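**Q** Can you read through this structure? Questions will come right after.
Protein chains: 4
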Amino acid sequence: MREKLRVLVEDNTTRKGKLFDYLIQVLILFSLIAFSIETLPNISKETRAFLDFFEMFCVIVFSIEYLLRIYVAEKPLKYIFSFYGIIDLLAILPFYLNGTLDFRALRAFRVFRIFRALKLIRYNKALHRFHLAAKLVREEIILFLIVTGIFVFIASAGIYHFENEAQPEAFASIFHSAWWAVVTLTTVGYGDVYPITAGGKIFTFCILIIGVGIVTIPAGLVASSLSKAREIEEKENEDKLIK
Amino acid sequence: MREKLRVLVEDNTTRKGKLFDYLIQVLILFSLIAFSIETLPNISKETRAFLDFFEMFCVIVFSIEYLLRIYVAEKPLKYIFSFYGIIDLLAILPFYLNGTLDFRALRAFRVFRIFRALKLIRYNKALHRFHLAAKLVREEIILFLIVTGIFVFIASAGIYHFENEAQPEAFASIFHSAWWAVVTLTTVGYGDVYPITAGGKIFTFCILIIGVGIVTIPAGLVASSLSKAREIEEKENEDKLIK
Amino acid sequence: MREKLRVLVEDNTTRKGKLFDYLIQVLILFSLIAFSIETLPNISKETRAFLDFFEMFCVIVFSIEYLLRIYVAEKPLKYIFSFYGIIDLLAILPFYLNGTLDFRALRAFRVFRIFRALKLIRYNKALHRFHLAAKLVREEIILFLIVTGIFVFIASAGIYHFENEAQPEAFASIFHSAWWAVVTLTTVGYGDVYPITAGGKIFTFCILIIGVGIVTIPAGLVASSLSKAREIEEKENEDKLIK
Amino acid sequence: MREKLRVLVEDNTTRKGKLFDYLIQVLILFSLIAFSIETLPNISKETRAFLDFFEMFCVIVFSIEYLLRIYVAEKPLKYIFSFYGIIDLLAILPFYLNGTLDFRALRAFRVFRIFRALKLIRYNKALHRFHLAAKLVREEIILFLIVTGIFVFIASAGIYHFENEAQPEAFASIFHSAWWAVVTLTTVGYGDVYPITAGGKIFTFCILIIGVGIVTIPAGLVASSLSKAREIEEKENEDKLIK
Numbered sequence: 214m215r216e217k218l219r220v221l222v223e224d225n226t227t228r229k230g231k232l233f234d235y236l237i238q239v240l241i242l243f244s245l246i247a248f249s250i251e252t253l254p255n256i257s258k259e260t261r262a263f264l265d266f267f268e269m270f271c272v273i274v275f276s277i278e279y280l281l282r283i284y285v286a287e288k289p290l291k292y293i294f295s296f297y298g299i300i301d302l303l304a305i306l307p308f309y310l311n312g313t314l315d316f317r318a319l320r321a322f323r324v325f326r327i328f329r330a331l332k333l334i335r336y337n338k339a340l341h342r343f344h345l346a347a348k349l350v351r352e353e354i355i356l357f358l359i360v361t362g363i364f365v366f367i368a369s370a371g372i373y374h375f376e377n378e379a380q381p382e383a384f385a386s387i388f389h390s391a392w393w394a395v396v397t398l399t400t401v402g403y404g405d406v407y408p409i410t411a412g413g414k415i416f417t418f419c420i421l422i423i424g425v426g427i428v429t430i431p432a433g434l435v436a437s438s439l440s441k442a443r444e445i446e447e448k449e450n451e452d453k454l455i456k
Numbered sequence: 214m215r216e217k218l219r220v221l222v223e224d225n226t227t228r229k230g231k232l233f234d235y236l237i238q239v240l241i242l243f244s245l246i247a248f249s250i251e252t253l254p255n256i257s258k259e260t261r262a263f264l265d266f267f268e269m270f271c272v273i274v275f276s277i278e279y280l281l282r283i284y285v286a287e288k289p290l291k292y293i294f295s296f297y298g299i300i301d302l303l304a305i306l307p308f309y310l311n312g313t314l315d316f317r318a319l320r321a322f323r324v325f326r327i328f329r330a331l332k333l334i335r336y337n338k339a340l341h342r343f344h345l346a347a348k349l350v351r352e353e354i355i356l357f358l359i360v361t362g363i364f365v366f367i368a369s370a371g372i373y374h375f376e377n378e379a380q381p382e383a384f385a386s387i388f389h390s391a392w393w394a395v396v397t398l399t400t401v402g403y404g405d406v407y408p409i410t411a412g413g414k415i416f417t418f419c420i421l422i423i424g425v426g427i428v429t430i431p432a433g434l435v436a437s438s439l440s441k442a443r444e445i446e447e448k449e450n451e452d453k454l455i456k
Numbered sequence: 214m215r216e217k218l219r220v221l222v223e224d225n226t227t228r229k230g231k232l233f234d235y236l237i238q239v240l241i242l243f244s245l246i247a248f249s250i251e252t253l254p255n256i257s258k259e260t261r262a263f264l265d266f267f268e269m270f271c272v273i274v275f276s277i278e279y280l281l282r283i284y285v286a287e288k289p290l291k292y293i294f295s296f297y298g299i300i301d302l303l304a305i306l307p308f309y310l311n312g313t314l315d316f317r318a319l320r321a322f323r324v325f326r327i328f329r330a331l332k333l334i335r336y337n338k339a340l341h342r343f344h345l346a347a348k349l350v351r352e353e354i355i356l357f358l359i360v361t362g363i364f365v366f367i368a369s370a371g372i373y374h375f376e377n378e379a380q381p382e383a384f385a386s387i388f389h390s391a392w393w394a395v396v397t398l399t400t401v402g403y404g405d406v407y408p409i410t411a412g413g414k415i416f417t418f419c420i421l422i423i424g425v426g427i428v429t430i431p432a433g434l435v436a437s438s439l440s441k442a443r444e445i446e447e448k449e450n451e452d453k454l455i456k
Numbered sequence: 214m215r216e217k218l219r220v221l222v223e224d225n226t227t228r229k230g231k232l233f234d235y236l237i238q239v240l241i242l243f244s245l246i247a248f249s250i251e252t253l254p255n256i257s258k259e260t261r262a263f264l265d266f267f268e269m270f271c272v273i274v275f276s277i278e279y280l281l282r283i284y285v286a287e288k289p290l291k292y293i294f295s296f297y298g299i300i301d302l303l304a305i306l307p308f309y310l311n312g313t314l315d316f317r318a319l320r321a322f323r324v325f326r327i328f329r330a331l332k333l334i335r336y337n338k339a340l341h342r343f344h345l346a347a348k349l350v351r352e353e354i355i356l357f358l359i360v361t362g363i364f365v366f367i368a369s370a371g372i373y374h375f376e377n378e379a380q381p382e383a384f385a386s387i388f389h390s391a392w393w394a395v396v397t398l399t400t401v402g403y404g405d406v407y408p409i410t411a412g413g414k415i416f417t418f419c420i421l422i423i424g425v426g427i428v429t430i431p432a433g434l435v436a437s438s439l440s441k442a443r444e445i446e447e448k449e450n451e452d453k454l455i456k
């Protein structure tokens with residue numbers, strides 16, 4: 214019995230296991246859509262009632278799934294404290310904690326439901342290659358995060374120096390300037406804050422010419438390491454065929 | 214006779230076939246320009262009359278071409294229900310449907326004429342390499358579309374949580390916030406909506422540092438896989454030369 | 214005598230030839246700076262007089278250089294009608310045409326002086342690798358320009374359909390909408406035009422998810438082909454060493 | 214004694230050396246945070262007093278470190294005039310110069326403290342690969358900076374020509390237009406200046422289609438050369454293992 218359940222819940226190579234996984238995935242997707250619809254202003258009483266019912270249904274299914282996963286796991290504690298175990302719990306916990314806390318706290322907890330989205334990743338096998346690529350460029354990405362951090366700091370401190378007097382509200386401190394620095398270096402450029410003094414503009418000019426690439430380099434690194442990961446994978450498959 | 218027409222219409226290695234293809238391509242281009250000019254406000258009666266005449270001319274030529282393609286095809290039904298067959302039909306259908314439906318519906322149908330642009334691709338041989346590259350990175354691109362989707366959802370839900378109270382109009386629901394999320398993560402940053410609370414700004418800060426790359430990674434993947442596709446092609450050509 | 218001048222003007226491997234090249238480059242740079250300063254509003258009479266004098270000096274030097282290049286060239290006509298020959302002429306022509314045309318036409322001609330900037334490239338040897346890389350990805354870049362063109366057209370026609378009624382000024386025609394399409398797809402996003410209807414926003418959502426990469430792919434292609442070009446160059450150098 | 218100190222200060226392979234390095238790094242980080250907090254408006258007297266005290270503490274520690282580094286260096290003068298020697302001095306100098314200059318000059322000097330951030334890099338070993346990659350693509354990056362410079366100039370001169378009459382304030386000169394050119398070509402697009410004439414828009418259209426990649430190519434070059442640097446490193450490690 215327990216072995217049968219284990220195949221159903223954990224093994225997605227069998228037909229039943231696949232069906233189970235797809236059903237859970239679809240339910241996660243629908244519960245996320247329901248979660249989004251709930252935030253719409255001016256929804257009718259009937260819709261809200263239906264959403265509340267659907268929410269309860271999801272929580273029941275996810276709870277059963279969670280308990281099943283603990284039951285079939287060889288080391289239940291290892292599952293419970295694994296990354297996905299915690300996410301699975303966080304997806305259902307807010308519902309059960311409603312009663313014990315006051316109504317307003319409920320909303321804050323509900324945000325944790327977005328972690329359900331991560332459950333979608335769980336079932337994706339293509340992630341293997343991504344993990345391989347991430348391992349290949351981990352060091353470079355950490356280095357670039359540090360360089361980006363330093364760069365954001367220099368940009369913030371510099372623009373604060375140039376613009377603080379002219380725009381004391383927008384560039385009130387280095388922390389306020391950091392908002393400008395990130396929005397500029399990522400090239401989002403909302404246009405809510407921008408330098409107006411000649412000095413600030415020339416400084417931004419230099420920062421942009423040097424720095425615009427720094428923020429996009431990690432993306433390029435991931436892209437090129439994914440090509441590398443594919444090559445490694447192909448080589449491994451070839452080696453297997455030879456054997 | 215039918216064989217001669219088949220060479221003219223389908224075979225673009227002969228001189229006549231090439232000429233036919235180029236003429237059709239030029240006509241598609243001109244019909245698209247005419248379609249664009251039609252949308253200009255305040256165009257004179259004479260211009261509109263000429264455009265209507267040109268439109269009719271195009272439809273007649275494209276109709277003849279469409280019928281010819283069916284006539285010369287070995288399996289007419291296969292062509293009719295192929296991707297290009299449907300596009301070829303959509304390029305002429307709106308004109309014939311004018312009479313049967315009321316005048317206002319016409320405008321909606323006319324939008325389908327933009328599919329003619331895709332006919333331009335049909336004749337481009339360089340696409341082969343692109344198809345090869347697309348096949349190489351299909352899995353990664355699907356994975357990144359999923360990751361992007363999850364990321365957009367987390368960004369939308371998070372910013373809704375932080376900004377809903379301060380800006381109840383711009384961040385009215387998770388769906389409204391998704392507009393902000395996409396405009397921000399693609400680094401377009403129109404500036405019509407942006408966080409104003411400290412919490413929302415810090416959240417955006419984190420989202421941008423982590424997420425700005427995620428949206429640009431697929432582009433990098435396609436670029437690097439195109440290099441790979443060129444290498445494969447070169448190897449194939451070398452192998453042919455050796456034989 | 215002519216041989217000596219040829220070495221001075223065309224051969225930048227000798228010490229004198231190098232000096233000549235550097236002096237011309239510096240003069241080009243200064244003439245560009247002078248050209249920029251001339252456009253500044255409220256410059257004093259003395260400055261303008263100096264700039265006019267410097268302009269005359271530059272034109273004289275560039276004229277002598279141009280005549281020298283014709284004199285020392287083995288096939289003078291080939292040089293005159295070459296890309297750089299035409300640019301060299303365009304750099305001095307506006308000055309001589311001043312007298313024959315009225316004063317207002319002068320300003321339009323002056324814009325051609327910016328072509329002098331291209332002369333700076335002429336002397337750069339590192340361009341060889343770039344030319345090699347450009348040849349490697351020429352086909353893909355042409356294909357992507359076509360795809361980008363089609364994409365911009367579809368985006369323009371689509372957003373015109375969705376936004377024309379709501380914003381008849383900003384999206385007055387497909388041509389007006391093309392401005393939005395380019396500013397959005399290149400992720401510049403000034404914020405002067407953006408969709409406001411739900412349909413237009415959802416359309417933009419889709420266009421951005423699919424299309425944001427298309428515009429950046431050529432850059433990735435150039436970057437990866439430059440790596441390839443370096444490898445080819447290294448191999449060639451190794452082959453030479455072996456011989 | 215001097216040898217013991219040398220191990221502590223310069224050798225970060227021993228346990229004591231590592232601890233020393235981490236402590237210095239943490240102090241640098243905290244002093245940067247303190248520097249940022251100081252810029253906040255409306256901070257209480259107590260906080261300011263604490264920050265002043267902490268600043269003094271940092272300067273004392275950094276001064277001792279600086280003197281130690283001179284003391285243990287084999288060639289003290291070489292260290293003093295090295296890149297890091299100058300940065301180490303700049304991190305403490307503003308504090309000692311306070312007394313000799315008037316109060317307002319103090320603020321300008323304080324900006325140099327941000328160079329302390331660069332000290333954080335000093336201790337990072339992963340930089341080796343980055344240096345290797347930078348050396349690989351140095352020439353290409355210099356070439357692209359030149360091309361970017363020319364492109365920014367052409368864009369500035371062109372848009373000045375088109376927009377100067379319509380927007381005499383925003384596009385007052387080529388220098389003013391250069392602000393627009395950089396903000397546009399880096400795709401930041403604040404939206405404070407943008408073309409409004411048809412000519413200016415068509416010009417921007419062309420500039421964007423051609424130029425948007427040019428600014429992002431260096432980032433792609435660095436990313437691909439980092440992959441190359443990793444390959445070189447792996448090969449070197451393999452060669453060592455074989456020996």
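So the sequence lines, in the order shown, correspond to chains A, B, C and D. Per the working numbering: the first sequence ends with 456, consecutive numbering throughout. Per the working numbering: the second sequence ends with 456, consecutive numbering throughout. Per the working numbering: the third sequence ends with 456, consecutive numbering throughout. Per the working numbering: the fourth sequence ends with 456, consecutive numbering throughout. For glycine and all other residues, C-beta sits at the position ideal for the given N, C-alpha and C. The structure presented is a predicted model; accordingly, all values stated were derived computationally and were not measured.
(1) Helix, strand or coil for Lys441(A) per DSSP?
(2) Could you tell me which chain A residues have their CB closer than 7 angstroms to the CB of Ala370(D), listed as they occur along the chain?
(3) Find the nearest neighbour of Phe267(D) within the set Phe308(D), Asn255(D), Glu447(D) and Leu280(D), judged by alpha-carbon distance.
(4) Roughly how many whole angstroms lie between the Cα atoms of Ser295(D) and Asp224(C)?
(5) Threshold first: 4 residues or longer. Then list the alpha helix (DSSP H) segments lying entirely within the stretch 234-321 of chain B, N to C.
(6) If we define contact as Cβ-Cβ less than 7 angstroms, is Gly402(A) a contact residue for chain D?
(7) For a contact defined as C-beta to C-beta under 9 angstroms, what are the partners of Val395(D) on chain C?
(8) Can you check whether the CB of Ile415(A) is closer than 7 angstroms to the CB of Ala379(A)?
(9) Reducing DSSP to helix, strand and coil, say where Asp405(A) ends up.
(10) Within 7 angstroms (strictly less), CB to CB, does Pro408(D) reach chain A?
(11) Could you compute how far the alpha carbon of Thr400(D) sits from the alpha carbon of Thr417(C)?
(12) Does DSSP put Thr400(A) in a helix, in a strand, or in coil?
(13) Does the distance from the CB of Gly424(A) to the CB of Leu454(A) come in under 7 angstroms?
(14) Quick one: grab the DSSP three-state call for Phe388(C).
(15) Output needed in chain order: residues of the stretch 249-276 of chain C with a Cβ under 7 angstroms from some Cβ in chain D.
(16) I'd like to know if Ser386(C) contacts chain B, where contact means its C-beta is closer than 7 angstroms to some C-beta of that chain.
(17) How big is the Cα-Cα spacing for Ser276(A) and Ile372(B)?
(18) Enumerate in chain order the residues of its own chain whose CB-to-CB distance from Ala370(A) is below 6 angstroms, with the five nearest sequence positions on each side excluded.
(19) I need the straight-line Cα distance from Ile359(D) to Glu444(C), nearest angstrom please.
(20) Along chain A, which residues have their Cβ under 8 angstroms away from the Cβ of Ser437(D)?
(21) So, helix, strand or coil for Ala451(C), using DSSP?
(22) I need the DSSP call for Ala383(C), collapsed to helix, strand or coil.
(23) In the structure shown, what three-state DSSP assignment does Thr429(B) receive?
(24) DSSP three-state call for Glu378(B): helix, strand or coil?
(25) Report the neighbours of Val245(A) on chain B: residues whose CB is nearer than 7 angstroms to its CB, in chain order.
(26) When DSSP labels each residue in this structure, what does Lys217(B) get in the three-state scheme?
(27) Is it true that the stretch 253-273 of chain C meets the stretch 426-443 of chain B, where meeting means three or more beta-carbon pairs spaced less than 8 angstroms apart?
(28) Just tell me which of Ile363(C), Cys419(C), Ile299(C) and Leu345(C) has its CA closest to the CA of Glu449(C).
(29) In whole angstroms, what is the alpha-carbon distance linking Pro289(D) and Gly298(D)?
(30) Pick out whichever of Arg219(A), Glu278(A), Ile305(A) and Val435(A) has its Cα sitting closest to the Cα of Glu287(A).
**A** Reading it off the structure:
(1) Three-state result, Lys441(A): helix.
(2) At a C-beta separation below 7 angstroms, Ala370(D) has no neighbours in chain A, since its nearest C-beta there lies roughly 16 angstroms away.
(3) Here the closest residue by C-alpha is Phe308(D).
(4) Cα to Cα, Ser295(D) sits roughly 39 angstroms from Asp224(C).
(5) Counting only runs of 4 or more, we get 258-285, 289-293 and 296-310.
(6) Yes - at least one Cβ of chain D is within 7 angstroms of the one on Gly402(A).
(7) Residues of chain C with a Cβ closer than 9 angstroms to the Cβ of Val395(D) do not exist; the shortest Cβ-Cβ separation is about 12 angstroms.
(8) For Ala379(A) and Ile415(A), no; Cβs fall outside 7 angstroms.
(9) Residue state, collapsed to three classes: coil.
(10) Judged by the 7 angstroms Cβ criterion, Pro408(D) is not in contact with chain A.
(11) Taking the straight line from one Cα to the other gives about 18 angstroms.
(12) Secondary structure at Thr400(A): coil, using DSSP grouped into helix, strand and coil.
(13) No, Cβ-Cβ distance for Gly424(A) and Leu454(A) is not below 7 angstroms.
(14) In this structure, Phe388(C) counts as helix in the three-state DSSP scheme.
(15) Result list: Ser249, Thr252, Leu253 and Pro254.
(16) Interface residue, yes.
(17) For Ser276(A) and Ile372(B), the distance between alpha carbons rounds to 28 angstroms.
(18) Cβ within range, chain order: Ile387.
(19) Ile359(D) and Glu444(C) have their C-alpha atoms spaced approximately 23 angstroms apart.
(20) Here the neighbours are Gly433 and Ser437.
(21) Checking the displayed sequence, the identity of residue 451(C) turns out to be Glu instead of Ala. Assigned with DSSP and collapsed to three states, Glu451(C) falls in helix.
(22) Assigned with DSSP and collapsed to three states, Ala383(C) falls in coil, not helix or strand.
(23) Thr429(B): helix per DSSP, three-state reduction.
(24) In the three-state scheme derived from DSSP, where H, G and I count as helix and E and B as strand, Glu378(B) is classed as coil.
(25) Just to set this straight, residue 245(A) is Leu in the shown sequence, not Val. Within chain B, Phe366 have C-beta atoms less than 7 angstroms from the C-beta of Leu245(A), given in sequence order.
(26) If DSSP states are grouped into helix, strand and coil, Lys217(B) belongs with the helices.
(27) The stretch 253-273 of chain C, when compared against the stretch 426-443 of chain B, does not touch it at the 8 angstroms Cβ threshold.
(28) If we check each option's Cα against that of Glu449(C), Leu345(C) comes out closest.
(29) Taking the straight line from one Cα to the other gives about 10 angstroms.
(30) Ranking the options by Cα distance to Glu287(A), first place goes to Arg219(A).
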